[in-house]
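S.K.: Got a structure for you, questions after.
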Amino acid sequence: MSTTLYVRLPHRPHDQPQPWQFGALPFALVRTAAGDAARRGLPRAAPEVLREGHARIADLPAAERLVLILAASDVLLTTASVPPLPPARLKQALPNLVEDALATDAQPCHIGIGPALEGATPGRGPRRRLLMVADRAWVRAVLDAFAEHRHRRRHILPAQLCVPLAAQAEEQAGAEPSLTPPGAEPAAETAAVPATLVVEAAASALAQGGALGDALGEALPDTATRGTRQWQLTVRTGAHAGYGLLLGDDALAAWQALAPEGNWYADADATALAPVPALRQAGRAGWPLWIDGAQACLREPGLDLAQFEFAQGRADRWNLVAWRLPLALAAGLVLVQLIGMNTHWLLLRNEQQRLEAAQAQTLRGAFPQTPTVIDAPLQMRRQVEQLRIASGRSTPDDFLPLADRFAQAARRLPPDALQALEYRGRMLVVTLKPGTDTAGLRSAARQAGLQMEEDKAGNAAGSTGSSAGTPVTPGSRWTIKPGL
Numbered sequence: 001m002s003t004t005l006y007v008r009l010p011h012r013p014h015d016q017p018q019p020w021q022f023g024a025l026p027f028a029l030v031r032t033a034a035g036d037a038a039r040r041g042l043p044r045a046a047p048e049v050l051r052e053g054h055a056r057i058a059d060l061p062a063a064e065r066l067v068l069i070l071a072a073s074d075v076l077l078t079t080a081s082v083p084p085l086p087p088a089r090l091k092q093a094l095p096n097l098v099e100d101a102l103a104t105d106a107q108p109c110h111i112g113i114g115p116a117l118e119g120a121t122p123g124r125g126p127r128r129r130l131l132m133v134a135d136r137a138w139v140r141a142v143l144d145a146f147a148e149h150r151h152r153r154r155h156i157l158p159a160q161l162c163v164p165l166a167a168q169a170e171e172q173a174g175a176e177p178s179l180t181p182p183g184a185e186p187a188a189e190t191a192a193v194p195a196t197l198v199v200e201a202a203a204s205a206l207a208q209g210g211a212l213g214d215a216l217g218e219a220l221p222d223t224a225t226r227g228t229r230q231w232q233l234t235v236r237t238g239a240h241a242g243y244g245l246l247l248g249d250d251a252l253a254a255w256q257a258l259a260p261e262g263n264w265y266a267d268a269d270a271t272a273l274a275p276v277p278a279l280r281q282a283g284r285a286g287w288p289l290w291i292d293g294a295q296a297c298l299r300e301p302g303l304d305l306a307q308f309e310f311a312q313g314r315a316d317r318w319n320l321v322a323w324r325l326p327l328a329l330a331a332g333l334v335l336v337q338l339i340g341m342n343t344h345w346l347l348l349r350n351e352q353q354r355l356e357a358a359q360a361q362t363l364r365g366a367f368p369q370t371p372t373v374i375d376a377p378l379q380m381r382r383q384v385e386q387l388r389i390a391s392g393r394s395t396p397d398d399f400l401p402l403a404d405r406f407a408q409a410a411r412r413l414p415p416d417a418l419q420a421l422e423y424r425g426r427m428l429v430v431t432l433k434p435g436t437d438t439a440g441l442r443s444a445a446r447q448a449g450l451q452m453e454e455d456k457a458g459n460a461a462g463s464t465g466s467s468a469g470t471p472v473t474p475g476s477r478w479t480i481k482p483g484l
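In the UniProt record's numbering, the protein residues as written are 1 to 484.
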């Protein structure tokens with residue numbers, strides 16, 4: 001289940017300077033099924049109205065989705081041939097497409113692009129589309145006022161498209177199936193679609209407490225009780241056509257003669273006081289009417305005015321409340337990992353200190369005269385070597401031990417493979433005949449506890465000496481020293 005908050009906005013005040021302030025607005029909190037029942041072939045579940053009434057924006061309940069319904073008199077619906085352009089260039093070109101339909105400059109207007117009206121047109125080239133024109137400053141003021149409201153998704157809908165075409169749906173349900181493709185319906189059938197007309201007292205559409213009343217915390221008096229009454233008129237003449245008017249008593253009575261044929265809806269004030277006899281038998285204009293129409297409008301994404309600079313980004317849809325548990329679990333895992341790593345490091349550090357203390361104790365026990373212990377294993381090795389030298393014993397890097405081990409490793413060499421043998425710098429320097437199996441010799445030396453490496457500096461010096469005429473022993477030079 002998901003919740004949707006529907007809010008009807010007042011018409012834009014033409015006699016009040018900016019910044020506009022909002023008082024108590026009419027709202028309805030609705031709960032609907034999260035899954036699409038129609039997709040599974042089941043009828044759509046009726047929405048459940050949890051709360052309705054009037055409240056200031058700060059007191060409105062939170063919801064998964066926020067639907068703002070602009071007054072029909074503040075949105076102009078027109079059509080134009082829209083070329084396929086990137087969004088940035090399309091936004092710049094839209095004012096030129098609607099300037100003929102406006103009585104004022106098109107630059108201060110926000111223009112939303114609706115669905116294509118020609119279903120049979122090709123995918124490329126200009127297409128005739130619905131354009132929704134509203135005052136940009138008014139839309140910005142509305143969104144700024146709802147900036148602190150808690151919701152995940154936001155939609156802005158024209159009120160004339162939120163009025164359901166119930167009569168049209170009933171006729172289509174009882175009519176015979178037609179083979180006419182969508183978008184190519186005869187003009188006579190289109191003209192025969194009955195309109196939907198909604199008349200309300202202007203006070204019910206305005207915020208309960210305008211710019212001045214909001215600052216004082218008082219509500220405006222109901223205009224239906226004044227001498228000069230104002231009526232908010234919302235008319236829908238087709239699937240993508242409609243308009244809105246703000247009329248007085250005399251203008252509403254005169255306009256009735258020009259009104260299109262259709263179904264009338266009215267609120268309680270309009271039913272009792274409006275000078276239109278047809279409203280005596282009009283239907284009830286309440287939240288069920290607007291909710292049904294808004295839900296049908298939301299099923300067509302192109303009818304949303306939240307486009308271009310007013311489009312909702314991914315960051316705006318981030319719902320921190322829904323992610324509190326996963327984020328808390330992730331933070332807990334990271335904290336546990338950090339604590340575990342630091343605990344393991346402390347254990348290893350204590351083990352290292354214990355081993356170092358044991359090595360230092362062993363060194364001082366064997367050699368009490370050691371003044372300072374810096375590297376216990378290295379100092380122990382040096383002390384043992386000094387004792388071996390003092391006792392007359394040979395060390396592993398003396399000539400005889402090195403020569404003995406090398407003889408064991410080189411016992412499989414041919415008799416003429418060893419060309420020279422030297423001892424300097426406490427290591428053996430051997431010269432091998434070219435073509436000798438040095439890889440096998442190095443493996444045997446490694447098994448004998450020796451480290452055999454190529455003397456590249458000596459080889460380079462030998463080649464230089466031979467070129468200068470100095471007699472040298474040809475072959476490869478290798479150094480032999482005890483293994484680590």
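In this text, a Cβ means the ideal position worked out from N, Cα and C, and glycines have one as well.
CA-CA distance, Gly425 and Asp455?
M.R.: 13 Å
S.K.: Short check: CB of Glu48 to CB of Arg31, under 8 Å?
M.R.: yes
S.K.: Spatial neighbours of Leu76 within its chain, please: C-beta separation below 6 Å, excluding the five flanking residues on both sides.
M.R.: Val133
S.K.: Could you check if Pro10 is buried or exposed, using at least 16 other CB atoms within 10 Å of its CB as the buried criterion?
M.R.: buried
S.K.: What's the C-alpha gap between Leu5 and Asp267?
M.R.: The alpha-carbon atoms of Leu5 and Asp267 are separated by roughly 21 Å.
S.K.: Starting from the N-terminal side, write out each stretch of the alpha helix (DSSP H) that is 4 residues or longer and does not extend beyond the UniProt domain "GspL periplasmic" (321-457).
M.R.: 324-366, 376-390, 399-409, 438-447
S.K.: Hey, would you say Ile57 sits closer than 8 Å to Leu25, going by beta carbons?
M.R.: yes
S.K.: Quick check: what's the CA-CA separation for Thr104 versus Trp323?
M.R.: 47 Å
S.K.: Figure out for me which residue from Tyr243, Met1, Pro414, Leu338 has the closest Cα to the Cα of Leu70.
M.R.: Tyr243
S.K.: Could you check whether Leu432 and Gln451 sit closer than 8 Å to each other, using their CB atoms as the reference points?
M.R.: no
S.K.: For Gly112, name the three-state secondary structure that DSSP assigns.
M.R.: strand
S.K.: Of the residues Leu413, Asp249, Asp398, which one's Cα is nearest the Cα of Tyr423?
M.R.: Asp398
S.K.: Quick check on Phe310: does DSSP put it in helix, strand or coil?
M.R.: helix
S.K.: Could you tell me the distance, in whole angstroms, from the CA atom of Leu197 to the CA atom of Ala278?
M.R.: 11 Å
S.K.: Could you have a look at Arg12 and say whether DSSP puts it in helix, strand or coil?
M.R.: Arg12 falls in the coil class under three-state DSSP.
S.K.: If you run the structure through DSSP and keep just helix, strand and coil, what is Asp135?
M.R.: Shown here, Asp135 sits in a strand according to DSSP, grouped into three states.
S.K.: For Pro115, which residues from the same chain have a beta carbon less than 8 Å from its beta carbon, with the 5 sequence-adjacent residues on both sides left out?
M.R.: Arg129, Leu130, His240, Glu300, Gly302, Leu303
S.K.: With distances taken Cα to Cα, identify the nearest neighbour of Ile480 among Cys109, Gln369, Ala403.
M.R.: Ala403
S.K.: Quick one: using the 10 Å Cβ neighbour count with 16 as the cut-off for buried, is Gly392 buried or exposed?
M.R.: Burial call: exposed.
S.K.: Indicate the three-state DSSP secondary structure (helix, strand or coil) for Thr104 in the structure shown.
M.R.: When DSSP states are grouped into helix, strand and coil, Thr104 belongs to the coil group.
S.K.: Helix, strand or coil for Arg280? Go by DSSP, reduced to three states.
M.R.: helix
S.K.: Taking the continuous beta strand (DSSP E) assigned at Gln232, which residues delimit it?
M.R.: 230-238
S.K.: Sort Ala251, Arg280, Glu356 by Cα distance to Trp264 and report the nearest one.
M.R.: Arg280
S.K.: Look up Val49 in the DSSP assignment and say whether it is helix, strand or coil.
M.R.: It is a strand residue.
S.K.: What number of angstroms, rounded off, separates the C-alpha of Gln312 from the C-alpha of Ala257?
M.R.: 42 Å
S.K.: Helix, strand or coil: how does DSSP classify Arg299 here?
M.R.: coil
S.K.: Throw me the rounded Cβ distance for the Phe22 and Leu60 pair, which I believe falls under 8 Å.
M.R.: Rounded, the Cβ-Cβ distance is 11 Å, inconsistent with contact.
S.K.: Sorted by chain position, which residues of the same chain lie with C-beta nearer than 6 Å to Arg51's C-beta, five sequence neighbours on each side aside?
M.R.: Within the same chain, Leu29 come within 6 Å of Arg51 by CB-CB distance, once the 5 residues on both sides are set aside.
S.K.: Use the C-beta contact count for Arg477: other C-beta atoms within 10 angstroms, 16 or more gives buried, fewer gives exposed.
M.R.: buried
S.K.: What number of angstroms, rounded off, separates the C-alpha of Asp144 from the C-alpha of Thr3?
M.R.: 22 Å
S.K.: Classify Gln92 as buried or exposed, calling it buried when 16 or more other Cβ atoms lie within 10 Å of its own Cβ.
M.R.: Gln92 comes out exposed.
S.K.: Please report the residue range of the alpha helix (DSSP H) in which Leu258 lies.
M.R.: Segment: none, Leu258 is in no alpha helix (DSSP H) and carries neither H nor E.
S.K.: From the DSSP output, which residues share a beta bridge with Ser73?
M.R.: Ser73 pairs with nothing; no bridge assigned.
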